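Trainee: So the protein lines, in turn, are chains A and B.
Read in the working numbering, the first sequence has 142 at position 97, and its numbers run on one by one without any break.
Read in the working numbering, the second sequence has 118 at position 73, and its numbers run on one by one without any break.
Every residue, glycine too, gets a C-beta built ideally from N, C-alpha and C.
Bear in mind the structure is a predicted one, so any value in this text is a computation, not a measurement.
Number of protein chains: 2
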Amino acid sequence: MSGDKEKGYFTEAESAEVVMGSIAATTDERLHQIMDAVIHHLHAAVKEIEPTQEEWFQAIQFLTKTGQMSDEWRQEFILLSDILGVSMLVDAINNRKQGDATETTVLGPFHVENAPELENGADTSLDRKGEPLVVHGKVRSVEGAPIEGASLDVWQCNDDGFYDVQQRGIQPEFNLRGMFHSQKDGSYWFRAAKPRPYPIPDDGPVGQLLEKLGRHPNRPAHLHYIIGADGYEEITTHIFVPDDEYIDSDAVFGVKESLLADFVKVDDPDRAEKFNVANPFWEVEFDFVLVPTAG
Amino acid sequence: MSGDKEKGYFTEAESAEVVMGSIAATTDERLHQIMDAVIHHLHAAVKEIEPTQEEWFQAIQFLTKTGQMSDEWRQEFILLSDILGVSMLVDAINNRKQGDATETTVLGPFHVENAPELENGADTSLDRKGEPLVVHGKVRSVEGAPIEGASLDVWQCNDDGFYDVQQRGIQPEFNLRGMFHSQKDGSYWFRAAKPRPYPIPDDGPVGQLLEKLGRHPNRPAHLHYIIGADGYEEITTHIFVPDDEYIDSDAVFGVKESLLADFVKVDDPDRAEKFNVANPFWEVEFDFVLVPTAG
């Protein structure tokens, strides 16, 4: 065995070092750094697990099926990243909290580019299902100044628990989506439907894994936002319904304390008339706080 | 942020612990053990790498393509496991060397079940390409006793560097494959063609990764064996041509010092006639040593 080590042949003890030796000539420094972490942790995990050949092959088959489940409208590896907490970790690393800035959370797989531009007060609920919701608040900087003209790209599932892109031909196109802009005082407002909890797509290998792990596939009710403004860092975030039954067990670990919003049930015909919604309705006020771009 | 930790919400610092908390109810102890190693090493690797969102998405796309490249005849995730040294590590863990027993190495993706049963001395080379080779030796136990009736499932690439299953309709079916059995004194022999180095399939994401890593896709010339006998542990191994140009840089890390065989060029008409091969030819003698099954 000492002969193997001397010649650079594979040995169990030096397995990661042998593999890293093979890429010593890489000129891509970043790729070398990435592979160094991948190889060392991958080999360390295999050494801890000591998989049988059969277990190794099950892992190969799981990864293969996860790739094969993916297509233009379904990304099973993103779901896997989500349910293993990796998506949230990458989000956290790239968006460390600054001051009282609004915290970020996962993008999720259901964002679409080019949502329709809407005026403040517009109703995003085109299918009119569910309980009416009024959302309002302000966009401001961490210094407290209102931000005019910030873009708020908003999207959510409908009262059946599906996004429009999951039900093409069933829901109206762009149902519960819209691009709003904050007004002079930083304020925004729109009408929507109270979001509801829903399961992530669980008819593939990721759903099978969740079941084996004793986990449910549900996400607590939330609205999605991407908020940007000239001179400020763009943020991708949600606001959550705080008393949702899944609020403490989000399948993708997206919940943060600071993103729990105050959804208030309102029974007030005058206030309903002011917002042009049916009475009773739900109202949520939430301010978004942006960080100026560096430099 | 302390609020997030108290509620079990995701935090960057406690990311792996939060995910493990979600599977505390798993009744499958082995799966829990596997996930513990996977989650801790996966999160540790992400924290070391600190991927940008773009790098994370490149990784998602790479894994997706690796699954989608796989089909009935191509297993790109096994190739990935091979070139990252994982296949050899799993082999090493499951086949720790005992005494002077023959060491094992990777199975590779080109084994087929039900190779034809052949008599000792048969020629596996059906396409008659390349230089003739005579392979002989004995199968014995670690105690030194010859093993009669051991099965030797042998396969190799042809002189163009392809296995028959990679060239269906071009090579004869079962070209350079056969199932032999050792004789009363443990001896076996067969005729074949001298193997040559060849590249693993490199027209997919794994080939692209090798190129970015500055690595070639080649394997040094070898013959594959699966050897079994009643009362002995089955072994999967190769013998290698020791002066091959890739002997110190096998793309899948399969080479071990003890598996370098002595390929001798013979120019001796009498010996050629004895083995029923054209003169000159190559001769290799290699003994296989098996370990009794436990219990």
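(1) For the alpha helix (DSSP H) holding B:L258, just list the boundary residues, first then last.
(2) Which residues does DSSP pair with B:V334 in a beta bridge?
(3) Per DSSP, A:F55 forms a beta bridge with which residues?
(4) Can you tell me where the alpha helix (DSSP H) holding A:W101 begins and where it ends?
(5) Mapping the DSSP letters down to three states, classify A:F122 as helix, strand or coil.
(6) Exposed or buried, which one is A:I79 when buried takes at least 16 other CB atoms within 10 Å?
(7) DSSP three-state label for B:H178, please.
(8) At a Cβ threshold of 8 Å, is A:L28 touching chain B?
(9) Would a C-beta distance cut-off of 8 Å place B:F225 and B:V199 closer than the cut-off?
(10) When you compare only the Cα positions, how much space is there between B:H267 and B:K319?
(11) I believe A:H269 touches A:H156 by the beta-carbon criterion, under 8 Å. Please report the beta-carbon distance rounded to the nearest angstrom.
(12) Residues bridged to A:H267 by DSSP?
(13) For A:G273, I'd like the list of residues in its chain whose CB is within less than 6 Å of its CB, leaving aside the five on either flank, ordered along the chain.
(14) In three-state DSSP terms, what is B:S132?
(15) Between B:E158, B:A137, B:N159, B:N321, which lies nearest to B:T149 when the distance is taken from Cα to Cα?
(16) DSSP beta-bridge partners for A:G244?
(17) Rank A:L254, A:R316, A:Y277 by C-alpha distance to the C-alpha of A:L129 and give the top, closest one.
(18) Are the Cβ atoms of B:A90 and A:V83 separated by less than 8 Å?
(19) List the residues that DSSP assigns as beta-bridge partners of B:L197.
(20) Along the region 139-163 of chain B, where does the CB come closer than 7 Å to a CB of chain A? Name the residues.
(21) Leaving out the 5 sequence neighbours to the left and right, which residues in its chain are closer than 7 Å to A:V322 when beta-carbon positions are compared?
(22) If distances are taken between C-alpha atoms only, which option among B:E74, B:L305, B:W118, B:V300 comes closest to B:R213?
(23) Please name the residues in the region 71-85 of chain B whose beta-carbon is closer than 9 Å to at least one beta-carbon of chain A, in chain order.
(24) So B:S334 packs on B:R185, CB below 8 Å; how close in whole Å?
(25) Please report the distance separating the alpha-carbon of A:T97 from that of A:S303.
(26) Would you kindly work out how many angstroms separate the C-alpha atoms of A:V297 and B:T72, rounded to a whole number?
(27) Cβ of A:V347 less than 8 Å from any chain B Cβ?
(28) Classify A:F326 as helix, strand or coil using the three-state DSSP reduction.
(29) Do you know offhand how far A:S294's Cα is from B:S67's?
(30) Express the C-alpha separation of B:E93 and A:I94 in angstroms, rounding to a whole number.
(31) What number of angstroms, rounded off, separates the C-alpha of B:Y291 from the C-alpha of B:G194?
(32) Do we get a CB-CB distance below 8 Å when we pair A:K95 with the residues of chain B?
(33) Quick one: which chain A residues come within Cβ less than 7 Å of B:Y54?
(34) Would you verify that the beta carbon of A:R119 is, or is not, closer than 8 Å to some beta carbon of chain B?
(35) Taking the Cβ atom as the reference point for each residue, do B:T111 and B:V251 lie within a distance shorter than 8 Å?
(36) Flag this pair as yes or no: are the beta carbons of A:S126 and B:T109 separated by less than 8 Å?
Mentor: So, to answer that:
(1) The residue given as residue 258 of chain B occupies position 213 in the second sequence. From DSSP, B:L258 is part of no alpha helix (DSSP H); its letter is neither H nor E.
(2) Taking the first residue of the second sequence as 1, we reach residue 334 of chain B at position 289. B:R185.
(3) Locating residue 55 of chain A in the first sequence gives position 10, where the first residue counts as 1. Per DSSP, none; premise fails for A:F55.
(4) Position 56 of the first sequence, counting from 1, holds the residue named residue 101 of chain A. Residues 98-113.
(5) Within the first sequence, residue 122 of chain A is the residue found at index 77, counting from 1. Of the three classes helix, strand and coil, the one that applies to A:F122 here is helix, per DSSP.
(6) Taking the first residue of the first sequence as 1, we reach residue 79 of chain A at position 34. Buried, since its Cβ has 16 or more Cβ neighbours within 10 Å.
(7) Stepping through the second sequence from its first residue, residue 178 of chain B is reached at position 133. What sits at residue 178 of chain B in the sequence shown is Leu, not His. B:L178 falls in the strand class under three-state DSSP.
(8) This structure cannot speak to residue 28 of chain A, because chain A is shown only from 46 to 340.
(9) One-based indexing of the second sequence puts residue 225 of chain B at position 180. One-based indexing of the second sequence puts residue 199 of chain B at position 154. For B:F225 and B:V199, yes; Cβs fall inside 8 Å.
(10) Position 222 of the second sequence, counted from the first residue, corresponds to residue 267 of chain B. Position 274 of the second sequence, counted from the first residue, corresponds to residue 319 of chain B. So the alpha carbons of these two residues sit roughly 25 Å apart.
(11) For the purposes of this step, residue 269 of chain A is identified with residue 224 of the first sequence, where counting begins at 1. For the purposes of this step, residue 156 of chain A is identified with residue 111 of the first sequence, where counting begins at 1. Contact flag correct, Cβ pair sits at about 7 Å.
(12) Taking the first residue of the first sequence as position 1, residue 267 of chain A is located at position 222. DSSP lists A:F285 as partners of A:H267.
(13) Within the first sequence, numbered from 1, the residue matching residue 273 of chain A stands at position 228. Once the five neighbours on either side are set aside, the close Cβ partners of A:G273 are S196, E279.
(14) The count along the second sequence starts at 1 and reaches residue 132 of chain B at position 87. Reduced to three states, the DSSP call for B:S132 is helix.
(15) Start at 1 with the first residue of the second sequence, and residue 149 of chain B comes out as number 104. Measuring from the Cα of B:T149, the nearest candidate turns out to be B:A137.
(16) Along the first sequence, read from residue 1 onward, the residue named residue 244 of chain A stands at position 199. One detail in the question is off: residue 244 of chain A reads as Pro in this sequence, not Gly. Note: A:P244 sits in a beta bridge opposite A:N263.
(17) For the purposes of this step, residue 129 of chain A is identified with residue 84 of the first sequence, where counting begins at 1. For the residues A:L254, A:R316, A:Y277, the minimum Cα distance to A:L129 belongs to A:L254.
(18) On the second sequence, position 45 is the one that residue 90 of chain B refers to. On the first sequence, position 38 is the one that residue 83 of chain A refers to. Yes.
(19) Against the second sequence, residue 197 of chain B aligns to sequence position 152. Its beta-bridge partners are B:F225, B:I272.
(20) N139
(21) What you label residue 322 of chain A is simply residue 277 of the first sequence in a count that begins at 1. Result list for A:V322: P177, V179, R236, in chain order.
(22) By one-based count along the second sequence, residue 213 of chain B stands at place 168. Taking only the C-alpha atoms, the option nearest B:R213 is B:W118.
(23) T71, T72, D73, R75, L76, H77, Q78, I79, M80, D81, A82, V83, I84, H85
(24) The residue labelled residue 334 of chain B in the question sits at position 289 within the second sequence. The residue labelled residue 185 of chain B in the question sits at position 140 within the second sequence. Ser is not the amino acid found at residue 334 of chain B; the sequence shown has Val there. Contact flag correct, Cβ pair sits at about 6 Å.
(25) As a first step, residue 97 of chain A is located in the first sequence; it is residue number 52 there, counting from the start. As a first step, residue 303 of chain A is located in the first sequence; it is residue number 258 there, counting from the start. Approximately 44 Å between the Cα atoms of the pair.
(26) Residue mapping note: residue 297 of chain A aligns to position 252 of the first sequence, counting from 1. Residue mapping note: residue 72 of chain B aligns to position 27 of the second sequence, counting from 1. Roughly 21 Å between the two C-alpha positions.
(27) Coverage of chain A is limited to positions 46 through 340, which leaves residue 347 of chain A absent and any answer about it impossible.
(28) As a working note, residue 326 of chain A is residue 281 in the first sequence. Of the three classes helix, strand and coil, the one that applies to A:F326 here is strand, per DSSP.
(29) Along the first sequence, one-based indexing puts residue 294 of chain A at 249. Along the second sequence, one-based indexing puts residue 67 of chain B at 22. Answer to the nearest angstrom: the Cα atoms are 7 Å apart.
(30) Position 49 of the first sequence holds residue 94 of chain A. Position 48 of the second sequence holds residue 93 of chain B. Between A:I94 and B:E93, the C-alpha separation is close to 21 Å.
(31) Start at 1 with the first residue of the second sequence, and residue 291 of chain B comes out as number 246. Start at 1 with the first residue of the second sequence, and residue 194 of chain B comes out as number 149. Rounded to the nearest angstrom, the two C-alpha atoms are 34 Å apart.
(32) Walking along the first sequence from the start, residue 95 of chain A turns up at place 50. Correcting the residue identity first, residue 95 of chain A is Glu in this sequence and not Lys. Output row for A:E95: interface = yes.
(33) Position 9 of the second sequence, counted from the first residue, corresponds to residue 54 of chain B. Result: V300, K301, E302.
(34) Along the first sequence, read from residue 1 onward, the residue named residue 119 of chain A stands at position 74. Answer no: the Cβ-Cβ gap between A:R119 and chain B never drops below 8 Å.
(35) Sequence index remark: in the second sequence, residue 111 of chain B carries index 66 (1-based). Sequence index remark: in the second sequence, residue 251 of chain B carries index 206 (1-based). Result yes, Cβ atoms of B:T111 and B:V251 sit closer than 8 Å.
(36) In the first sequence, residue 126 of chain A corresponds to position 81, counting from 1. In the second sequence, residue 109 of chain B corresponds to position 64, counting from 1. Taking 8 Å as the Cβ cut-off, A:S126 and B:T109 do not qualify as a contacting pair.
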